[in-house]
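Structure record follows, encoded as structure tokens.
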Amino acid sequence: MTSRTDMPQFLPTTREELAVWGWSALDVILVTGDTYIDTSHIGVAVIGRVLLAAGYRVGLIAQPDIHSARDIGRLGEPRLFWGVTGGSVDSMIANFTPSGKRRRTDDMTPGGQNDRRPDRAVIAYSQLIQRHFKNTKPIVLGGIEASLRRISHYDAWSDRVRRSILFDAKADYLLYGMADQTVVALADALAQGKEVRAIRGLCYISPTIPEPDLYFSQPNVLLPSHEEVRQDAAAFSQMFALFYTHSQTSSDQRLCQRQDTRFLVHNPPAPPPSQEALDAIYELPYARAVHPYYQSLRRVAAMETIPFALTTHRGCFGQCRFCAITVHQGRQVISRSQASLLREAAAISRHPDFKGIISDVGGPTANMYGMDCTRPGCHKKGCVFPKTCRQLNLDHGPQIELLRALRGLPGIRKVFVASGLRYDLILADRRNGLAYLEELLRHHTSGQLKIAPEHIHDPLLQLMGKPDRQTLEDFIDLFDQVNARMPKKQFLTYYFMAAHPGCTLQDMAELREFARRRLRVIPEQVQIFTPSPATFSTLMYHIGIDPFTGQAIFVEKSLRGKIDQKKMLAKPPSKSRAAPTR
């Protein structure tokens with residue numbers, strides 16, 4: 169990828185900015201539910217920068233008014249396609265709390281008031297374009313909302329199985345996953361008049377099931393139809409198992425699913441980027457700021473955490489069953505080179521607003537940097553659950569080296585690791601796990617090390633795909649041993665979950681007693697399970713069955729019951745049994 173140093177800092181958002189770029193029209197217009205922050209931590213900014221580096225003229229419209237043409241029409245019509253995303257989070261999760269209340273605040277909106285992103289933003293923006301641009305260029309869906317809703321999926325907000333979002337949005341194509349390579353392939357195909365339906369990582373609508381061909385010669389996998397999965401829990405479970413298996417990059421088969429009289433055609437996943445390609449993506453000349461057009465509307469809270477953080481890798485092999493990262497980013501971890509990260513850190517240090525602190529060095533799971541599988545095409549269901557696979561290259565050494573190198577750069581006073589950690593990986597790494605923990609506590613933690621055990625009831629942890637209770641206790645013992653040697657004492661902060669499928673009020677009472685007796689805290693970081701699309705936990709929530717054993721499980725679906733579970737953990741103890749907090 170190439171970039172010019174004489175280009176304006178931001179992608180154009182108005183006609184006046186088009187003139188500054190010297191453009192009369194655009195090849196691609198991106199529409200997003202977040203405000204426009206030009207940083208590698210925001211997916212739509214990455215897509216825009218990648219397309220720009222590939223030679224395409226790209227503009228961006230953030231949080232358009234869906235009731236008029238005022239915003240959506242200000243850049244005209246693109247030559248190749250519209251790109252539509254709900255933003256960095258599924259719009260229904262962004263707009264509603266797990267207890268069903270509408271969120272009042274939004275860190276990705278100027279001023280912080282949650283009044284700019286519509287519900288089901290991908291559908292709303294697609295309809296907005298179609299309303300004001302008749303017979304327009306292709307509408308292409310992307311981002312996590314589209315990615316997780318690409319097949320028939322259970323939607324907790326309507327409590328029903330919805331069609332692929334591609335059909336409900338009446339769009340032309342859907343790019344799933346991170347899509348920064350796929351989107352360039354699509355732009356190239358459209359610009360050159362080549363076959364679009366041969367692109368990996370792309371979904372489209374077809375009147376018939378395509379035959380195996382030159383591009384995808386393997387037999388198609390026919391999923392149960394939308395009508396079947398809407399009515400039958402067993403068919404839904406079968407569909408999801410097939411979908412999940414073929415969401416891995418080693419698959420070469422198309423998925424086909426009848427949605428109405430037509431079929432969703434789901435091409436095989438795009439291959440993960442090489443280390444060199446990932447380095448290039450994150451070293452593009454991001455402004456690391458809110459675009460002035462949107463900055464003028466008021467302060468954007470997200471700017472307090474993301475501008476001066478480093479993304480070290482993509483993917484996660486943890487596969488927690490309530491987490492959608494595996495379906496969206498993949499379970500194969502692709503790490504950036506240390507040289508690339510040091511170059512980016514040096515560039516950050518020259519930013520006029522940088523105060524000497526790198527707020528985070530991490531990824532989906534911080535301590536997976538530099539780790540990979542010796543058999544990347546493996547079809548095993550779990551890399552670290554129920555135990556760590558022997559084929560996993562488990563070594564914290566590369567991250568220790570990276571953190572030490574970052575601390576040595578001029579202009580950098582402090583480097584934090586704020587992303588989530590897998591404490592079971594620290595315990596399992598006999599070479600450098602202990603050294604890594606010491607490094608974190610001595611140099612990269614601001615008083616609290618955050619871990620997410622989620623619960624301590626082993627049958628429930630089994631459903632979650634999380635380490636068992638004994639693993640947590642072993643890590644606490646190790647932490648206390650290391651902490652005793654530190655010049656400044658650190659503390660553990662625990663993240664727990666209430667109302668996950670299989671969790672009862674009694675389980676939360678058990679967790680409460682454990683927290684007071686063993687952890688000696690009253691946990692403050694407690695969230696109610698959110699059944700986001702395309703996870704195994706959401707499958708359990710919908711069908712009430714553990715798909716791995718076939719056993720029925722309790723699922724708390726009442727709002728009152730969910731709130732009671734959360735309150736149980738924070739319930740004050742009686743004076744006679746109170747445990748001190750720290």
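Numbering of the sequence shown is given in this note's numbering, commencing with residue 169 and proceeding in unit increments.
For each residue, glycine too, the CB sits at the ideal point set by N, CA and C.
As assigned by DSSP and simplified to three states, the class of residue i
i    : result
T181 : coil
P627 : helix
F722 : coil
L390 : strand
R572 : helix
R368 : coil
G530 : strand
A187 : helix
T753 : With the chain represented from 169 up to 750, any question about residue 753 goes unanswered, as that position is not in the structure.
D521 : coil
S171 : Confidence is the limiting factor: at S171 the pLDDT is only 44, short of 50, which leaves the residue's position unreliable, though a coordinate-based value still follows. If DSSP states are grouped into helix, strand and coil, S171 belongs with coil.
N600 : coil
F411 : helix
T706 : helix
V694 : strand
K735 : helix
K302 : coil
T583 : The question names Thr, but residue 583 in the sequence shown is Val. Residue state, collapsed to three classes: strand.
S294 : helix
I713 : strand
H235 : coil
Q487 : coil
T494 : helix
V214 : helix
G729 : helix
L577 : coil
A222 : coil
D675 : helix
Test: residue i CB closer than 8 Å to a CB of chain D
i    : result
S418 : Reference to chain D is not applicable here, since this structure consists of a single protein chain.
Expected contact under 8 Å - CB spacing of residue i and residue j to nearest Å
i    : j    : result
Y341 : A366 : The pair is not a contact, with the Cβ atoms about 12 Å apart (cut-off 8 Å).
Q506 : P440 : Contact flag wrong, Cβ pair sits at about 19 Å.
Q719 : I711 : About 12 Å; that fails the 8 Å criterion.
P246 : K305 : 6 Å
T200 : L228 : 7 Å
K730 : A666 : 7 Å
L179 : L220 : 7 Å
P655 : L640 : Actually they are not in contact, since the Cβ atoms of P655 and L640 sit about 26 Å apart, beyond 8 Å.
S320 : R331 : 6 Å
I373 : L432 : 7 Å
P627 : G670 : 7 Å
Residues bridged to residue i (per DSSP)
i    : result
G227 : I197
K618 : T661
S503 : H481
S418 : Answer is none; S418 lacks a bridge partner.
C424 : L390, V433
H321 : R330
V751 : Only positions 169 to 750 of the chain appear in this structure, which leaves residue 751 out of reach.
T350 : Answer is none; T350 lacks a bridge partner.
F335 : BP columns for F335 are empty, so no partner.
S385 : In DSSP, S385 forms no bridge with anything.
D540 : N561
L589 : I619
Q281 : T273
F264 : R270
D206 : A457
S374 : F431
Closer than 7 Å: residue i CB and nearest the ligand MG heavy atom
i    : result
L562 : Although the ligand MG was asked about, the structure shown includes no ligands whatsoever.
Open item on the list: Would the segment 349–357 count as touching the segment 729–736 if we require 3 or more Cβ pairs under 8 Å?
Closed with: no
Open item on the list: Ignoring anything shorter than 3 residues, give me the beta strand (DSSP E) runs that lie fully in the segment 638–670, in order along the chain.
Closed with: 659–666
Task: At least three beta-carbon pairs within less than 8 Å, the segment 510–520 to the segment 490–498 - done: no
- [ ] Identify every run of the alpha helix (DSSP H) within the segment 429–468, keeping only runs that are complete inside it and at least 4 residues long; order them along the chain.
- [x] 443–450, 460–463
Task: At least 3 beta-carbon pairs within less than 8 Å: the segment 279–287 vs the segment 257–264 - done: yes
Open item on the list: Would the segment 522–541 count as touching the segment 444–454 if we require 3 or more Cβ pairs under 8 Å?
Closed with: no
Open item on the list: So, does the segment 593–604 touch the segment 577–584, judging by three or more C-beta pairs under 8 Å?
Closed with: no
Open item on the list: Three or more C-beta pairs under 8 Å: does that hold for the segment 642–662 against the segment 670–682?
Closed with: no
TODO: Specify whether the segment 629–636 and the segment 682–691 touch according to this definition: at least 3 beta carbon pairs, one from each stretch, less than 8 Å apart.
DONE: no
Open item on the list: So, does the segment 246–256 touch the segment 305–322, judging by three or more C-beta pairs under 8 Å?
Closed with: yes
TODO: Examine the Cβ distances between the segment 289–299 and the segment 210–219 and report whether three or more of them are shorter than 8 Å.
DONE: no
TODO: Evaluate the contact criterion for the segment 452–471 versus the segment 398–416: three or more CB pairs, one atom per stretch, below 8 Å.
DONE: no
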